[in-house]
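Quick mapping for you: the protein sequence lines, in order, are chains A and B.
Take 5 as the starting number for the first sequence in our numbering and just add one per residue.
Take 30 as the starting number for the second sequence in our numbering and just add one per residue.
Positions of the beta carbon are idealized from the N, C-alpha and C atoms, including for glycine.
Here is the structure we will look at.
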Amino acid sequence: MQNQKSLRLGALLGAIAALGTVTLAAPAASAQDFAGKRITMIIPYQEGSGSTIHGRLFAMALEKTLPGQPTIVIRNIDGGGSVRGINQFHKDAKPDGLTIAAIATGTFFQYILKDKAVAYPLPEFKPFLTSPFGLLAYARNDLGLGKDPVENIKKLIANPPVYGGSGPTSSDLPALLSFDLLGIKQKGVYGLSNAESRAGFERGEFNLKYDNAASWNEEVKPLVDDGVATPIFTFGFEQEDGKIVRDPMLPDVPTFLELYEKIHGKPLSGIEYEVWKALFNVRVMGSKMLVLPQGTPKEIVDVYTKATEAALKTDVLQSPQAKLVLSVYPQSTGAASEAIFKGGLSMTEEQQKWLREWLRTRHSITVN
Amino acid sequence: MDFSVLQHAGPALVQLLTGPHLLFLLLGVGLGMIVGILPGIGGLSGMALILPFIFGMDPGPALAMMVGLTSVTATSDTFSSVLIGVPGGAGTAATVLDGFPMTQRGEGARALSAAFAASLVGGLIGAFVLTFAFVAARPILLAIGFGEQLMLVILSLTLVGMLTGANVVKGLASCALGLLIGTIGSSQATAEYRFTFDTIYLSDGVPLVIIALGAFALPEIVDVLRQHHAIAQKELVGSGWLAGIRDVLRNFGLVVRCSALGALTGILPGLGGGVVGWISYGHTVQSSRDRSQFGKGDVRGVIGPESANNAKDGADLIPTLFFGIPGSGTMALFLGGLVVIGVTPGRTMVTNQADLIYLIIWSLALANVLATGVSMALARPIASLTAIKFTLIAPFIIVMVFMSAYQAKTDWGDLIALLVVGVVGMYMRRFGWSRAALLIGLVLSQRLESSLYRTVQIYGLDIFLRPIAIVILILAVISIGFAIRTKSRTSSEDREISIASRKNIWPQVAFVALLLGFVIAIAIDASQLKFLASVFPLSVAAIAVALLTITAVRMVRRSKAPGLLFDADAELAASETGAKATFYLVGLLAALPALAAIVGFYLAAPIYVFFFLRILAQASIRFSLALALGLAVFLAIINLVLEAQFAPGLLQQFISLPRPFGS
């Protein structure tokens, strides 16, 4: 450990010493060997965002496991709900494995909703890692909530709560659709960052909110312990056999689908289920992904898949710090991540039309 | 309140002063100073640079390094604000207002030394505030809701009253323009795009730093270029070292008040770092008896914002550490760093890791002392550069400004926006429109609109039943009273006005017409949106139209209202000859981005510097070549080590080049 520390110190001093010298990277030999190369990871959100922390974590591990141990540099290009960064990725990245991108929920939603600014062909990207993240909806106890989850929903239906978030066309979309399907007619205040809406929730200005279930221990549990808030439902988690079960982080909290059945007397079905499930695929199962650009040869994708599998076993990703970020959810690589990626794009024309119509009638938002 | 955590203070200091902590703190401070002095780089790149190295390090030394790095950049970026009038960010633009005129008087070293001494006091007060923050931070977060935040924004906005310049109507119109520019981008309430011309660049609005650089840096460069031989127009005055410290001691009350203001603004939710400098500058002007020298080189105008800006750094840590809510990009990366070293910020940190909190506080205090020492030692030699022939430094400053601007969004739009804002800024300066008022409007625009919308949604009229909100509102009314009663309203645009400004009024009237056209265009665009997206821009546009119309009518009638008719070019032409027209100088600035559009910024910058030095400074070929190559090496280093990006040109589109040529 001591030895390792002094190594890192040495590396840091080296970096500072490099301020005095110029080093130009020498061109390396073959395509699958990244020795001496710099790989750029484009993250289409701000520095310090969840995607950045996630991306940096994997970058640190991949630097060790990619052949030739290349340097990976992070470039944050935020704006337009990830559209600006991914457009740039689409425009600049060559299919040589030297440029990769982190994509997240916003990247899918803007594509599905056919945002005018979208210039990237999402289905042609090649994913090599998907990280799922469960979601948890919770509300303030001063709405009169108690222990019974079904009664709690009925109270929220009877007394519409106030919801603070970023908006119906953002990554809030699945949560807002779920509230609506349950029959909760919350009032929305939009354009808020997660930090702002959390502060507003603590002050009681908002009384309905959702969060990553991974942040349960740090963000939500203290509120529950203080008697301020109660979890109302999770989105659940999809097993390999396709069944949506309770979130492994919060096995005591019922899922949305369970509650829907109890409230309405029948399970969610038809086009409403299909749309909800498609959004669930994106928001929960494919919450954060790492991708290679369109046209990347299979060999390079395979190299990345193997490196990612190895990366998951490194001390970086096995560390307690990494567990705080990734939580208990299983990570997928290669073909498995490809399947989740396809699942996120599975929405048919008809389902997209239904969703746009829902946005128009429920939130008076016209998307093209 | 439970103060038992204070017992960790002593052991934490011992821990910091022994073992590896101090070494890492020094490393952080050193790195922070370097990235702070470098143009456009700042703490964000510094944090990004060290993040990979701290993984797995012990939390103590890693924190010492991170704190050292983030807490000194606000000190070291004072060099460019004071000496060359290039603000390091929107917040430090307030320092330019008086710091740069002092430099022009030959008192650069004094201004710097005053700024650093004030920063030191501010930094220490910030660290002290942090000590008690963990008992008070939570109640404050809970007491200041969206309604109170709205009142705070309004209170900040009233400070514009002190900074309108001689002509109040023109000053308020500038502020309204700033508010309107701030509405460009997607609307918070409905996510509809406003005035973005379907460009993705504008979809998140114009970055603040672009406006700060365009409105302040470019016009000043042009002004010095056309009138003067060197930035310092007089002989350099003394060493300045002691004079600056004496200035701070003489105004110690002001330093403490502004530090407290800075710390408070940092703790209160909803205002953000960009306004801190302006709030303290407004307070400095408001609380001074003799206001005649503000904007013309009053040392108090440097002391106020600098102490506040540094005090804010300590306060910035509060939401990050205690709630896990980062207040700025640098703090967001700091938060990322905490995660990487396994420290979970949030309410549990106070109970479980109080020793680390003290380590942070002591690191903060010590880093400030170290940074002040180094900066003071550098102040005199660096300030002496201002006596050098300006055409020798100007090309480097121009390269630096455009490079900084490109770091905002690393988009060609940055350079275009900078040039547009720069040209408007030049004419604002020429015709006497307050750029400070414009910037305050811009800094507060989004916060005003969003807190207004949230307050209406959540409280409606019930907001007037909340005591804290009412108290802040009363303060705002008092502040307006102050502004109405005052006789002199500061602005760096005010100068002696002679009859020359009244001879040909048409260029000035045309400028008003142009502004009016911009306002109306924004209004027409906004009127097609939903109510929630259009109500704010339309209301501000209506006010702006009224103010601009009053100005135009008075101009045409040749009213004698103070500061109404002013034309710096005409004044200059009347007093001397040979000064070059504004238009010619715009071309000189535009040449750099034009060249970059062809060969890319990395190649364009040395070529530009070479020809600038050869033709305008009439330097020898060997000298020009050496400096151009030096710049190329410097740019290569910051590209490869600090990941600074350069705008690509046509060349890079067709041929793939290795870094740094291709970046």
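Asked, Found
"Exposure label - Tyr-613 of chain B; buried when at least 16 CB within 10 Å", "exposed"
"Residues in the stretch 169–180 of chain B having any Cβ partner in chain A nearer than 9 Å", "Leu-170, Leu-171, Ala-172, Ile-173, Gly-174, Phe-175 and Gly-176"
"CB contact below 8 Å: Met-64 of chain A versus chain B", "yes"
"Contact set between the stretch 463–486 of chain B and chain A, restricted to residues whose Cβ is under 7 Å from the partner", "Ser-479, Arg-483 and Gln-486"
"Residue nearest to Lys-41 of chain A in terms of C-alpha spacing, selected from A:Thr-103, A:His-58, A:Glu-244 and A:Pro-127", "A:Thr-103"
"Asp-176 of chain A, DSSP secondary structure in three states", "coil"
"C-alpha distance - Pro-168 of chain B paired with Val-228 of chain A, whole-angstrom precision", "19 Å"
"Environment of Ala-41 of chain B [buried if 16+ CB atoms lie within 10 Å]", "buried"
"Residue closest to Trp-270 of chain B, alpha-carbon to alpha-carbon, out of B:Ile-627, B:Gly-546 and B:Ser-413", "B:Ser-413"
"Element boundaries [alpha helix (DSSP H), containing Gly-65 of chain B]", "49–66"
"For Ser-463 of chain B and Arg-60 of chain A, the rounded distance between their alpha carbons", "44 Å"
"Chain B within 8 Å of Pro-324 of chain A, Cβ atoms only", "yes"
"Same chain only: Cβ atoms within 6 Å of Gly-176 of chain B, ignoring 5 sequence neighbours per side", "Thr-484, Tyr-488, Ile-492, Arg-495 and Ala-498"
"Selection from B:Val-314, B:Leu-55, B:Leu-561 and B:Ser-110 that minimises the alpha carbon distance to Leu-481 of chain B", "B:Leu-561"
"Thr-102 of chain B at chain A interface by Cβ criterion, 8 Å", "no"
"Test item: CB-CB of Gly-365 of chain B and Leu-51 of chain B under 8 Å", "no"
"Residues sharing a beta bridge with Asn-668 of chain B, DSSP", "Paired residues: none, contrary to the question."
"Buried or exposed by the 16-neighbour rule on C-beta atoms within 10 Å, applied to Arg-476 of chain B", "buried"
"Under 9 Å by beta carbon: chain A residues contacting Ile-229 of chain B", "Gly-83, Gly-84, Val-87, Arg-88, Asn-91, Ala-121 and Ala-123"
"Helix, strand or coil at Leu-66 of chain A [DSSP, three-state]", "helix"
"Residue of B:Ser-142, B:Phe-540 and B:Ile-83 minimising C-alpha distance to Pro-15 of chain B", "Examination of residue 15 of chain B is not possible in this model, given that chain B is present from 30 through 692 alone."
"Leu-193 of chain A classed as buried or exposed, judged by whether at least 16 other C-beta atoms fall within 10 angstroms", "Here the sequence assigns Val to residue 193 of chain A, which means Leu is not the residue at that position. Per the 10 Å Cβ criterion, buried."
"Reduced DSSP category for Phe-227 of chain B - H, G, I as helix; E, B as strand; rest coil", "Residue 227 of chain B is actually Asp in this sequence, not Phe. Coil at Asp-227 of chain B, not helix or strand."
"Exposure of His-94 of chain A, with buried meaning 16 or more beta-carbon neighbours within 10 Å", "buried"
"Contact the stretch 269–285 of chain B vs the stretch 324–333 of chain B: 3+ CB pairs below 8 Å", "yes"
"Contacts around Gln-44 of chain B, its chain only, beta-carbon distance under 8 Å, and the 5 residues preceding and following it disregarded", "His-50, Gly-89, Asp-384 and Leu-388"
"Beta-carbon neighbours of Asp-233 of chain B, restricted to chain A and to distances below 9 Å", "Asp-82, Gly-83, Gly-84 and Arg-88"
"Residues bridged to Lys-41 of chain A [DSSP beta-bridge criterion]", "Answer by DSSP bridge pairing: none, since Lys-41 of chain A is not bridged."
"Interface flag, Pro-29 of chain B vs chain A, CB-CB below 8 Å", "The displayed coordinates of chain B run from 30 to 692. Any statement about residue 29 of chain B would go beyond what the structure contains."
"Residues of the stretch 434–446 of chain B with Cβ closer than 9 Å to any Cβ of chain A, in chain order", "Lys-438, Thr-439 and Asp-440"
"Neighbour list for Ile-57 of chain A in chain B, Cβ cutoff strictly below 7 Å", "Gly-365 and Val-368"
"Reference Ala-144 of chain B; option with closest CA among B:Pro-334, B:Leu-209, B:Ala-581 and B:Phe-53", "B:Pro-334"
"Minimum Cβ-Cβ distance from Thr-173 of chain A to chain B less than 8 Å", "yes"
"DSSP-derived helix/strand/coil call for Pro-689 of chain B", "coil"
"Rounded distance between the beta-carbons of Met-76 of chain B and Leu-98 of chain B, thought under 8 Å", "6 Å"
"Between the CA atoms of Thr-44 of chain A and Gly-290 of chain A - distance to the nearest angstrom", "22 Å"
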